[in-house]
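Colleague: Encoded as structure tokens, here's the structure I'll be asking about.
In structure tokens, the structure reads:
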């Protein structure tokens, strides 16, 4: 499997297909039992720490500490990623996700949608070239989904490589350039999303997996 | 670099603890309860009490320390924050050292409160050097924190991690506990310095081993 710079790839598949394992392998969270991961043409295991600097992840879990404020959470992650001019950068990302007015409020007081937006701010704080999304729509209401889609579209337009794993095929099709269907640990189908409508894709998915994931 | 990142993790944990005070309060209550219960159970004037005094002190330190260890990775499991740390561009052993620092700090605070209480309740006077006592307690605490943090990370992924941790921790902790109790006893009674040094050496070697082993293995522990 190869993913080009600036490409938005979505992986769909039934539960247990290996979507999250694939994402974690590409994000260098777990080591592959077989095969290799190359990033920027380099074997990832040779420069893991340097390559992790170029990655960000957004999951259905936010990776945020409830008792800390938005600002404190971002400061903590900013220090780990050694973000230069951190206060200015925090201000920028909070504006980007529309949370600049609650920067000193504890995260536990945020709604699920606000937490997910802050999670996006955390993930883009260090301006990563590659972003991983693991089921980002889980638990979001329609308003929060719209905001997340807006942010995703903006990120994609800034030449960031995006790899998303989701059950939500409609969102996956709408935003991505390419869709992969994963089943039992193998890519069973892949297609570009140009001109592909949800009903066509539903039929293709049934054909390769045997049912609709959502 | 590893220690700077460890410092950020320690500082974050400290800030969270300052807000919630959950861990420190439960550790403190436990330690004070041990002091009070032992003070009522044993006659402070009896020779036997003086002989078991170092053991009582370490029972309070170790069991309250377990409470702190159990919490060390619980905060990281909520919202999968541990994944956020794993994804960050840092050597994973800095997560370990950050947590060790946190445990040593919390235990140090408990010791600072509990030890004077022990001395007051048991009317005990240190006959040896106070500096040596601080050194022994520090080495014992460090040994407890190094091995405890490593095993707490290992147990964190288990369903009943709070039950599992003491089960796997205590057998490995035996050398550091024996050495700490013995060395504390020698310092408190003003015993032979030669004997004391041999126990301090045991503590030093133990601490060193459990600083190096997690440095090499912690990455794999986090992948479990």
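Residue numbers (our numbering), protein chains in the order written: chain A, 1 to 214; chain B, 1001 to 1224. Here a beta-carbon is modelled for each residue, glycine too, at the ideal position from N, C-alpha and C.
(1) Which whole-angstrom value is the C-beta distance of residue 137/A and residue 155/A, which I expect to be below 8 Å?
(2) Any beta-carbon of chain B closer than 8 Å to the one on residue 30/A?
(3) For a contact defined as C-beta to C-beta under 8 Å, what are the partners of residue 27/A on chain B?
(4) In angstroms with no decimal places, state the Cα-to-Cα distance between residue 159/A and residue 61/A.
(5) Can you have a look at residue 197/A and say buried or exposed, based on whether 16 or more other CB atoms are within 10 angstroms of its CB?
(6) Let's test the definition: count the other Cβ atoms within 10 Å of the Cβ of residue 1096/B and tell me whether it reaches 16, buried, or not, exposed.
(7) Could you tell me which chain B residues have their CB closer than 9 Å to the CB of residue 77/A, listed as they occur along the chain?
(8) Could you name the residues of chain B that residue 66/A contacts, counting a contact when the two beta carbons are closer than 8 Å?
(9) Name the one or two DSSP bridge partners that residue 56/A has.
(10) Do the region 167 to 185 of chain A and the region 13 to 26 of chain A touch if we need at least three Cβ pairs shorter than 8 Å?
(11) Identify each residue in the region 1052 to 1078 of chain B for which the Cβ-Cβ distance to at least one residue of chain A is less than 8 Å, and report them in chain order.
(12) Report the residue from 207/A, 200/A, 130/A whose alpha carbon sits nearest the alpha carbon of residue 51/A.
(13) Run the CB neighbour count on residue 1131/B, radius 10 Å, all protein chains shown included, and call it buried at 16 or more, exposed below.
(14) For the alpha helix (DSSP H) holding residue 183/A, just list the boundary residues, first then last.
(15) Interface residues of chain A around residue 1016/B at Cβ under 8 Å?
(16) Mind pulling the beta strand (DSSP E) runs of 3 or more residues that sit fully within the region 1102 to 1176 of chain B?
(17) Please classify residue 1001/B: does DSSP put it in a helix, a strand, or coil?
(18) Quick one: grab the DSSP three-state call for residue 1046/B.
Modeller: This is what the structure gives:
(1) Contact check for residue 137/A and residue 155/A: beta-carbon distance about 15 Å, past the 8 Å limit, so the pair fails to qualify.
(2) Yes, residue 30/A counts as interfacial toward chain B.
(3) Correct list: 1087.
(4) In a straight line, the C-alpha of residue 159/A is about 25 Å away from that of residue 61/A.
(5) Around the beta-carbon of residue 197/A, fewer than 16 other beta-carbon atoms lie within 10 Å, marking it exposed.
(6) Burial call: buried.
(7) 1084, 1088, listed in chain order.
(8) The answer, in chain order, is 1078, 1079.
(9) DSSP, once it has assigned bridges, lists 131/A as partnering residue 56/A.
(10) Touching, yes.
(11) Against chain A - using a Cβ distance shorter than 8 Å - the residues of the region 1052 to 1078 of chain B are 1075, 1078.
(12) Residue 51/A has its Cα closest to that of 130/A, out of 207/A, 200/A, 130/A.
(13) Exposed: under 16 other Cβ atoms inside 10 Å.
(14) If you look at residue 183/A, you'll find it isn't in any alpha helix (DSSP H); it sits in the beta strand (DSSP E) that goes 178 to 183.
(15) Those within 8 Å of residue 1016/B in chain A are 65, 67, 68.
(16) For the region 1102 to 1176 of chain B, there is no continuous beta strand (DSSP E) assignment of 3+ residues that stays within its boundaries.
(17) Note: residue 1001/B maps to coil in three-state DSSP.
(18) Here residue 1046/B sits in coil by DSSP.
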